[in-house]
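Here's the structure, in structure tokens; my notes come after.
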Amino acid sequence: DVKVTQSSRYLVKRTGEKVFLECVQDMDHENMFWYRQDPGLGLRLIYFSYDVKMKEKGDIPEGYSVSREKKERFSLILESASTNQTSMYLCASSYPGQTYEQYFGPGTRLTVT
Amino acid sequence: QKEVEQNSGPLSVPEGAIASLNCTYSDRVSQSFFWYRQYSGKSPELIMSIYSNGDKEDGRFTAQLNKASQYVSLLIRDSQPSDSATYLCAAQNSGSARQLTFGSGTQLTVLP
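So the sequences go chain by chain: A and B.
Sequential numbering from 1094 applies to the first sequence in my numbering.
Sequential numbering from 9 applies to the second sequence in my numbering.
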């Protein structure tokens, strides 16, 4: 079974803090993704990575950066957290097989106060 | 802007009935499509993928794809209360990591 883990289930941070969200997958997947999910807006892609040190912007990258130094780990960084970044953050990974199915971690609910 | 639209719901069906969930997509280049189930407070769980026109069956679930109409559907036969969840449709694009574009989801409630 694919296992994608995220460092925290719940996180509360203050406005202006630097926030790190960590994601680890144990299936040697090439591709990793960060999404945020908000009521009424669905899942939106923030950043993704298709190889170590390779990254591309998704649909809503503003205010975020990412790091992928090792294949199994993909970090999302909020340089200066703001209240509009309060959301559920979901990490996913996929393998470039026939259909590139994505598997999700449990999510981190981040509250910025 | 690539879009995936789902019937907004919420959808309620009685236990044992067939639940029908629908999805349309705008990007004709999309080749593969996915249905995820998401229980409240949980992350999405992959239940079906489909990339050929026609039907694909897996247990009580049937995914249907019509590329000419840009339409994907999911049928759940013999619906159970445990099927109550939000169902997300996703279309895969041709980018470097085959990114997904998700619909906003349809909330399904199966009434006992």
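Think of the CB as a built atom: it goes at the ideal place given N, C-alpha and C, for glycine as much as any other residue.
Computed from a predicted model, the values in this text were never measured in an experiment.
Ordered along the chain, which non-local residues of its own chain (more than five positions away) have a Cβ less than 6 Å from that of residue i?
i	result
N30 of chain B	N15 and S81
Q1118 of chain A	V1097, E1165 and S1186
Y79 of chain B	T32
Q1195 of chain A	A1185 and S1187
Counting only the same chain and skipping the five closest in sequence on each side, list residues whose C-beta sits under 7 Å from that of residue i.
i	result
H1122 of chain A	S1186, S1187 and Y1188
I55 of chain B	W43, Y44, R45 and F69
K75 of chain B	N61
Nearest to residue i by CA position, among the options, is which residue?
i	options	result
D1131 of chain A	B:L119, B:L116 and B:S112	B:S112
V21 of chain B	B:R85, B:Q100 and B:A99	B:R85
C97 of chain B	A:Q1178, A:K1148, A:G1135 and A:F1113	A:G1135
G49 of chain B	A:E1155, A:Y1103 and A:K1148	A:Y1103
F1113 of chain A	A:Y1196, A:E1172 and A:G1133	A:E1172
Can the beta-carbon of residue i be found closer than 8 Å to that of residue j?
i	j	result
S1168 of chain A	S1160 of chain A	yes
V1105 of chain A	T1206 of chain A	yes
I1153 of chain A	R1137 of chain A	yes
Q72 of chain B	V118 of chain B	no
Q1099 of chain A	E1115 of chain A	yes
Q100 of chain B	Y1143 of chain A	no
L83 of chain B	I26 of chain B	yes
How many Å lie between residue i and residue j at the Cα?
i	j	result
F41 of chain B	K1150 of chain A	22 Å
L1203 of chain A	G24 of chain B	38 Å
E65 of chain B	S1101 of chain A	36 Å
P18 of chain B	E53 of chain B	19 Å
N1124 of chain A	G103 of chain B	11 Å
M1120 of chain A	K1164 of chain A	10 Å
S1180 of chain A	A93 of chain B	20 Å
S28 of chain B	P120 of chain B	17 Å
R1107 of chain A	I1170 of chain A	14 Å
F1197 of chain A	Y1182 of chain A	10 Å
A105 of chain B	D91 of chain B	30 Å
Y1157 of chain A	Y47 of chain B	27 Å
Y1128 of chain A	S57 of chain B	20 Å
Q107 of chain B	K10 of chain B	11 Å
D63 of chain B	S77 of chain B	14 Å
G1133 of chain A	T114 of chain B	11 Å
Q1178 of chain A	I1139 of chain A	12 Å
Q39 of chain B	K1148 of chain A	23 Å
Y59 of chain B	G67 of chain B	18 Å
Report back the beta-carbon spacing between residue i and residue j to the nearest angstrom; my notes put them in contact at under 8 Å.
i	j	result
T109 of chain B	V37 of chain B	With a Cβ gap of about 11 Å, T109 of chain B and V37 of chain B do not count as contacting.
F1141 of chain A	C1184 of chain A	At roughly 10 Å, the Cβ-Cβ gap does not stay under 8 Å, so F1141 of chain A and C1184 of chain A are not in contact.
S34 of chain B	P1199 of chain A	That pair is no contact at about 31 Å.
Could you pull out every residue in the same chain whose Cβ sits closer than 8 Å to the Cβ of residue i, ignoring the five residues on either side in sequence?
i	result
K1146 of chain A	R1161 and E1162
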